[in-house]
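K.L.:
Below you will find the structure I want to go over with you.
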Amino acid sequence: MIKEFKQSVDAALQNHNLSDILDRWNYPASRAKAYAGIDIEALRDRIAEIKSTAATKLDALAEQFTQSATAKGAVVFRAKTPQAVLDYITNLCKERNVTRVVKSKSMASEEIHLNSHLAHHGIQADETDLGEWIVQLAKQRPSHMVMPALHLTRQEVSDLFSTAVRRELSHEISELVDVARKELREKFLTAEMGITGANIAVAETGSLVIVTNEGNARLVTTLPPIHVAIVGIEKLIENFEDISPILTALPKSATSQLLTSYVSIITGPIPNTDGTQKELHIILLDNKRTEMARDPKFRQALQCIRCGSCLNVCPVFRLVGGHVFGHIYTGGIGTILTAWFHAWEKTKNLQGLCIGCGTCKEVCPGKVDIPGLLLEMRRRLAAKEGLPFIQKTALQIINNRPIFHAMLRTAALLQKPIVRDGFIRHLPLFLSGLSEHRSLPSIAIVPFREVFKTIKQPASKTKVIFFAGCAIEFVFPEIGEAVVKILNKAGIEVLFPEGQSCCGIPHWGSGAFDLASLAAERNLEHLLRTDATHIITACATCATALKKEWIHVLTEQNKKHLVSKAEDLASKTMMFSEYVHFLLEEKKLLIKDTPEYPTLTYHDSCHARQQGICKTPRSALQKCGYQLKELQEQNACCGMGGAYTIKQPALSMRMLKRKLNNIINTEADYVSAECPGCLIQIRGGLDKLHSKTRAKHPAELILERLR
Amino acid sequence: MFDLFKLKAEAAGSEVHRFKKDADALQFIRGFLKQEEIQDTPGLYAVWADNALMPKAGTVSFENPGVKFLVTRDSANNAKLGITKMDWGMAETGTVIRNSTSVETRLASSLPEIHIACLETGQILPDLPTILKKIHPHEPSCFSFITGPSRTADIERVLAIGVHGPKRLVILCIDTLESAGQ
Chain A
1 MIKEFKQSVD
11 AALQNHNLSD
21 ILDRWNYPAS
31 RAKAYAGIDI
41 EALRDRIAEI
51 KSTAATKLDA
61 LAEQFTQSAT
71 AKGAVVFRAK
81 TPQAVLDYIT
91 NLCKERNVTR
101 VVKSKSMASE
111 EIHLNSHLAH
121 HGIQADETDL
131 GEWIVQLAKQ
141 RPSHMVMPAL
151 HLTRQEVSDL
161 FSTAVRRELS
171 HEISELVDVA
181 RKELREKFLT
191 AEMGITGANI
201 AVAETGSLVI
211 VTNEGNARLV
221 TTLPPIHVAI
231 VGIEKLIENF
241 EDISPILTAL
251 PKSATSQLLT
261 SYVSIITGPI
271 PNTDGTQKEL
281 HIILLDNKRT
291 EMARDPKFRQ
301 ALQCIRCGSC
311 LNVCPVFRLV
321 GGHVFGHIYT
331 GGIGTILTAW
341 FHAWEKTKNL
351 QGLCIGCGTC
361 KEVCPGKVDI
371 PGLLLEMRRR
381 LAAKEGLPFI
391 QKTALQIINN
401 RPIFHAMLRT
411 AALLQKPIVR
421 DGFIRHLPLF
431 LSGLSEHRSL
441 PSIAIVPFRE
451 VFKTIKQPAS
461 KTKVIFFAGC
471 AIEFVFPEIG
481 EAVVKILNKA
491 GIEVLFPEGQ
501 SCCGIPHWGS
511 GAFDLASLAA
521 ERNLEHLLRT
531 DATHIITACA
541 TCATALKKEW
551 IHVLTEQNKK
561 HLVSKAEDLA
571 SKTMMFSEYV
581 HFLLEEKKLL
591 IKDTPEYPTL
601 TYHDSCHARQ
611 QGICKTPRSA
621 LQKCGYQLKE
631 LQEQNACCGM
641 GGAYTIKQPA
651 LSMRMLKRKL
661 NNIINTEADY
671 VSAECPGCLI
681 QIRGGLDKLH
691 SKTRAKHPAE
701 LILERLR
Chain B
708 MFDLFKLKAE
718 AAGSEVHRFK
728 KDADALQFIR
738 GFLKQEEIQD
748 TPGLYAVWAD
758 NALMPKAGTV
768 SFENPGVKFL
778 VTRDSANNAK
788 LGITKMDWGM
798 AETGTVIRNS
808 TSVETRLASS
818 LPEIHIACLE
828 TGQILPDLPT
838 ILKKIHPHEP
848 SCFSFITGPS
858 RTADIERVLA
868 IGVHGPKRLV
878 ILCIDTLESA
888 GQ
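For the record, the sequence lines run as chains A and B.
Last residue of the first sequence: 707 in our numbering, with the numbers rising by one and none dropped.
Last residue of the second sequence: 889 in our numbering, with the numbers rising by one and none dropped.
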């Protein structure tokens, strides 16, 4: 990570305005309320279908729109580049003697830096959306797609307005809003041109759908005699009736409203206040969108309806806000759009901010797989430029099991001087940051594969394979031991193929799909060789690899002969909690009678949540006598994210802090998560805080309660 | 349908009143004009668009020179109150909808601080797909969907009312609308 970028992230972490505001909002709850009674999954499917179909024929839709709108009397201009839009508008202003312009919110106009260009030509363009006006007065960029000035406090806004109106204003929001009403009303009445964006453009009818809460777009399109709309071509949809699903979702996802205060559907020029017809110019902006649509992977990003919900739920955005993204569009989706609309080089550091928790993907109304696309950017970057030498060497070593394991065993001996009670609490010199807020686990002296040899297996017809994964193998062998003992209690024989090694998720996450596919290939030959009914893993991250990503990377790397084997394996793979829940249901395991019922809170690790494994571990633990006390934001990322905690330690620790607070507030005896990665993070964090709450894997907790 | 409409409209910050006939609604407006001190002073006018609630243009007299039936950018900008007819209601969101191609309607519903929107109760339809079928545009037009007052949360995400448009939206639902209006 380059130095300036790291500094901008650190500076952003110091500013709590935006994260405090998002915290107070509680977006997930208010969004859920707005969608009450609506089949949200069906709605998302419908939107994804409409937008993905449109993305496959942008050119045809633009042509159809041009014809429909022209037939109704509008002037349509198709602009390939931002410069073409700037020239068009400047020329129009000069021809019509326009010197004052009012604008309602348009991200497309931000994308092409319209205001500064017009100012350069002596044309004053005033933003009228309150947030945009604030940002304009502050000479900044929007920090959020929907609420552009979210990073500024009322005091800061008051200072900006006081300077603008040349008198001292209070910090009362209602007064500030009144000042904006009066100041901007004058501008509406005197402007000679109004510029808007559009939320939807309908090819069939040539209509523009413009959504606002303030009512500024109504004034911008009514008072000045000329209306110019700048529309990114990804806003095009084919049919008028298809407005419905998009307009149903947009306000709910954006601001948790059933509908915004105002929606205008404008088709062709409408009358002016002096009885003349309005001059309506619609500029369809391409700016590499067509190129994006031709890319089979990135076409999906054109399904975005710009609601900003991905920003509201992003644990990283909540911490750093929009400005570290360095450009117009912010957050994960912004990183993708910036790469295409502006330059790939600009996003080299940005894609590394995504921790891959997947929350954005789950709420996106257009079903854009934002983390998947960011990973694809990383993959292309790695394929083109190669990984940094140290990272590549490390990943290659992980892939070579004998060397990797020998190194870990050596490290287990070398760490002795700094280990206390199984934790490394302080690291020397430049490594000290890594253990500042979280003790690190030590490497186990006896790895799991050695422990396994000491557990005598019952001869049974039911055999399962246990896939341990690196963390259980070398950090938490006791979790593996608990899993095996529980399965044995149910009369099941556990097999542990010695050839198994790292699942390849670190390689996959670094974009090194070639190395990840090698990891998949080597594991497959060992895991598919026996008569076992299932492959059990107690690590949600490994489960993601076995169930999903091996198929994905092998397909991507054209190893077709292995894909069907990976699919076979995926169908047999189960998370430990899923399998144990089944054993408990079948009464294969007997629970101790004890008078005490310990309390427990449960953290949904991202990789388990992505597989939909949330209810079964809770239910299994409750069956074993634990009393569940849910923690706030139980499904928010703990900040571990594999190598993320090393690459982005400051962000990782802030996410952890939040998680720890929520855990401690439950006052539960235990916190559990079915992911050793999360346990490393949470257990280490709780140790630093001397908390009484202990972090345990479900297997450890369940074993304690079995007869 | 009306009950759902009222519930959702009020949740969005609108005021909803229901009347049997035009005359009852007009009576309400008379009281409203008095209460809001509408008079022939810039800033305190009422602009009356669409001949809403009138059997014929300008046939209802208010003996109040502050009530302007000529809606211009000047009279609307100096009005405290704007009165318009609406074409439909949308129950699922508590929205009122109007073909507002005529500029008078747009001015009267967007510039004043208070907007009184008159709607026939029977024109409340269930949802967006139903409305979109009604308004499929075949010629140049502007359709306005209005849900509650003008609002913003752009400063610290704190809700503030009336940043550019009306601070109050008062919806009058009339069961038997005798006047055609415009």
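A virtual CB, placed ideally from N, CA and C, is assigned to each residue, including glycine.
Report the neighbours of A/ARG181 on chain B: residues whose CB is nearer than 8 Å to its CB, in chain order.
P.N.:
As a working mapping, residue 181 of chain A is identified with position 181 in the first sequence. Neighbours of A/ARG181 on chain B, chain order: GLY869, VAL870 and HIS871.
K.L.:
B/PRO819 touches chain A at which residues, Cβ-Cβ below 9 Å?
P.N.:
By one-based count along the second sequence, residue 819 of chain B stands at place 112. Those do not exist, as B/PRO819 stays about 11 Å from chain A at its closest Cβ, beyond 9 Å.
K.L.:
By the 9 Å beta-carbon criterion, what residues does the stretch 734–753 of chain B contribute toward chain A?
P.N.:
Within the stretch 734–753 of chain B, no residue qualifies.
K.L.:
Alpha carbon to alpha carbon, how far is A/GLY386 from A/SER652?
P.N.:
Within the first sequence, the letter at position 386 stands for residue 386 of chain A. Within the first sequence, the letter at position 652 stands for residue 652 of chain A. Approximately 25 Å between the Cα atoms of the pair.
K.L.:
For A/TYR626, which three-state DSSP category applies?
P.N.:
Within the first sequence, the letter at position 626 stands for residue 626 of chain A. Of the three classes helix, strand and coil, the one that applies to A/TYR626 here is coil, per DSSP.
K.L.:
Beta-carbon of A/LEU43 versus every beta-carbon of chain B: anything under 8 Å?
P.N.:
As a first step, residue 43 of chain A is located in the first sequence; it is residue number 43 there, counting from the start. Closer than 8 Å: no.
K.L.:
Between which two residues does the beta strand (DSSP E) holding A/SER672 run?
P.N.:
Position 672 of the first sequence, counted from the start, is the residue given in the question as residue 672 of chain A. Looking at the DSSP string, the run of the beta strand (DSSP E) that includes A/SER672 is 670–672.
K.L.:
Starting from A/VAL368, follow its DSSP beta bridges and name the residues at the other end.
P.N.:
On the first sequence, residue 368 of chain A is found 368 positions in, with the first residue counted as 1. DSSP lists no partner for A/VAL368.
K.L.:
Suppose contacts are defined by Cβ-Cβ distances below 8 Å. Is A/LEU495 in contact with A/THR530 by that definition?
P.N.:
Translated into positions along the first sequence, residue 495 of chain A becomes position 495. Translated into positions along the first sequence, residue 530 of chain A becomes position 530. A contact, by the Cβ cut-off of 8 Å.
K.L.:
Provide the residue(s) that pair with A/ILE270 in DSSP beta bridges, ordered along the chain.
P.N.:
As a working mapping, residue 270 of chain A is identified with position 270 in the first sequence. Answer by DSSP bridge pairing: none, since A/ILE270 is not bridged.
K.L.:
Please name the residues in the stretch 365–377 of chain A whose beta-carbon is closer than 9 Å to at least one beta-carbon of chain B, in chain order.
P.N.:
If the cut-off is 9 Å between Cβ atoms, the stretch 365–377 of chain A has nothing near chain B.
K.L.:
Candidates B/PRO749, B/ALA730, B/PRO844 and B/ALA798: which alpha carbon is nearest B/MET761's?
P.N.:
For this step, residue 761 of chain B is matched to residue 54 along the second sequence. Per the Cα distances, B/ALA730.
K.L.:
Let me confirm a value: A/THR335 is counted as buried when at least 16 other C-beta atoms fall within 10 Å, else exposed. Which label applies?
P.N.:
Numbered from its first residue, the first sequence carries residue 335 of chain A at position 335. That one is buried.
K.L.:
Rounded to the nearest angstrom, how far is the Cβ of A/ILE305 from that of A/PRO365, given a contact under 8 Å?
P.N.:
Along the first sequence, read from residue 1 onward, the residue named residue 305 of chain A stands at position 305. Along the first sequence, read from residue 1 onward, the residue named residue 365 of chain A stands at position 365. The Cβ separation is near 6 Å, so the contact holds.
K.L.:
Tell me, please, whether the stretch 831–850 of chain B touches the stretch 265–284 of chain A by the rule of three or more beta-carbon pairs shorter than 8 Å.
P.N.:
Yes: at least three Cβ pairs fall under 8 Å.
K.L.:
Is the closest heavy atom of the ligand COA to the C-beta of A/GLU376 under 7 Å?
P.N.:
Because no ligand of any kind appears in the structure shown, any question about the ligand COA cannot be addressed here.
K.L.:
Can you give the beta carbon distance from B/LEU814 to A/THR81, rounded, assuming they're within the 8 Å contact cut?
P.N.:
Along the second sequence, one-based indexing puts residue 814 of chain B at 107. Along the first sequence, one-based indexing puts residue 81 of chain A at 81. Actually they are not in contact, since the Cβ atoms of B/LEU814 and A/THR81 sit about 38 Å apart, beyond 8 Å.
K.L.:
Could you check the C-alpha separation between A/LEU236 and A/ILE333 for me, to the nearest Å?
P.N.:
By one-based count along the first sequence, residue 236 of chain A stands at place 236. By one-based count along the first sequence, residue 333 of chain A stands at place 333. Looking at the two C-alpha atoms, the distance is approximately 19 Å.
K.L.:
Show which residues of chain B have a CB atom less than 7 Å away from the CB atom of A/PHE240.
P.N.:
The sequence position of residue 240 of chain A within the first sequence is 240, counting from 1. What A/PHE240 touches in chain B: LEU839 and HIS843.
K.L.:
Kindly confirm or deny that the stretch 867–883 of chain B and the stretch 170–180 of chain A touch, where touching means at least three C-beta pairs closer than 8 Å.
P.N.:
Segments in contact, yes.
K.L.:
Do you know offhand how far A/GLU473's Cα is from A/MET145's?
P.N.:
Here residue 473 of chain A refers to the residue found at position 473 of the first sequence. Here residue 145 of chain A refers to the residue found at position 145 of the first sequence. Straight-line Cα distance between these residues: approximately 44 Å.
K.L.:
For A/TYR602, name the three-state secondary structure that DSSP assigns.
P.N.:
For the purposes of this step, residue 602 of chain A is taken as residue 602 along the first sequence, with counting starting at 1. Here A/TYR602 sits in strand by DSSP.
K.L.:
Does the stretch 545–558 of chain A come into contact with the stretch 674–694 of chain A, if we say contact requires no fewer than three beta-carbon pairs (one atom in each stretch) closer than 8 Å?
P.N.:
Touching, no, given that fewer than three Cβ pairs across the two stretches are closer than 8 Å.
K.L.:
Please report the straight-line C-alpha distance between A/GLU41 and A/PRO245, rounded to a whole angstrom.
P.N.:
On the first sequence, residue 41 of chain A is found 41 positions in, with the first residue counted as 1. On the first sequence, residue 245 of chain A is found 245 positions in, with the first residue counted as 1. Their Cα atoms are separated by approximately 12 Å.
K.L.:
Put A/THR393 into one of helix, strand or coil per three-state DSSP.
P.N.:
The count along the first sequence starts at 1 and reaches residue 393 of chain A at position 393. Helix.
K.L.:
Beta carbons nearer than 9 Å to chain A: which residues of the stretch 848–863 of chain B have them?
P.N.:
For the stretch 848–863 of chain B, which is checked against every Cβ of chain A, the residues closer than 9 Å are SER848, CYS849, PHE850, SER851, PHE852, ILE853, THR854, GLY855, PRO856, SER857, ARG858, THR859, ALA860, ASP861, ILE862 and GLU863.
K.L.:
Please report whether the beta-carbon of A/GLY215 lies at a distance below 8 Å from any beta-carbon of chain B.
P.N.:
In the first sequence, residue 215 of chain A corresponds to position 215, counting from 1. With 8 Å as the cut-off, A/GLY215 counts as an interface residue toward chain B.
K.L.:
Once DSSP output is grouped into helix, strand and coil, what is the label at B/ALA860?
P.N.:
Here residue 860 of chain B refers to the residue found at position 153 of the second sequence. In the structure shown, B/ALA860 sits in coil (DSSP, three-state: anything other than H, G, I, E or B).
K.L.:
Which of the three DSSP states, helix, strand or coil, is assigned to B/CYS825?
P.N.:
Here residue 825 of chain B corresponds to residue number 118 of the second sequence, with the count starting at 1. If DSSP states are grouped into helix, strand and coil, B/CYS825 belongs with the strands.
K.L.:
Determine the chain A residues that contact B/GLU717 at a beta-carbon separation under 7 Å, and present them in chain order.
P.N.:
Residue mapping note: residue 717 of chain B aligns to position 10 of the second sequence, counting from 1. By Cβ distance, chain A contributes nothing, its closest Cβ being about 12 Å from B/GLU717, past 7 Å.
K.L.:
For the putative contact between A/ILE355 and A/TYR27, defined by C-beta atoms under 8 Å, what is the C-beta separation to the nearest angstrom?
P.N.:
Counted from its first residue, the first sequence places residue 355 of chain A at position 355. Counted from its first residue, the first sequence places residue 27 of chain A at position 27. With 8 Å as the limit, A/ILE355 and A/TYR27 do not qualify as a contact, their Cβ atoms being about 18 Å apart.
K.L.:
Less than 8 Å between CB atoms is the rule here; does B/ASN758 satisfy it with respect to chain A?
P.N.:
By 1-based counting over the second sequence, the position of residue 758 of chain B is 51. Taking Cβ atoms only, chain A never reaches closer than 8 Å to B/ASN758, which makes this a no.
K.L.:
Examine chain B for any beta-carbon lying closer than 8 Å to the beta-carbon of A/ALA149, and answer yes or no.
P.N.:
Your numbering for residue 149 of chain A matches position 149 in the first sequence. Answer yes: the Cβ-Cβ gap between A/ALA149 and chain B drops below 8 Å somewhere.
K.L.:
Considering just the uninterrupted stretch of the alpha helix (DSSP H) at A/SER174, what are its terminal residues?
P.N.:
On the first sequence, position 174 is the one that residue 174 of chain A refers to. Segment 173–190, the alpha helix (DSSP H) holding A/SER174.
K.L.:
Put A/LEU130 into one of helix, strand or coil per three-state DSSP.
P.N.:
As a working note, residue 130 of chain A is residue 130 in the first sequence. Helix.
K.L.:
Okay, do the stretch 825–839 of chain B and the stretch 795–808 of chain B touch, 3+ Cβ pairs below 8 Å being the bar?
P.N.:
In short, these stretches touch, since the Cβ pair count reaches three.
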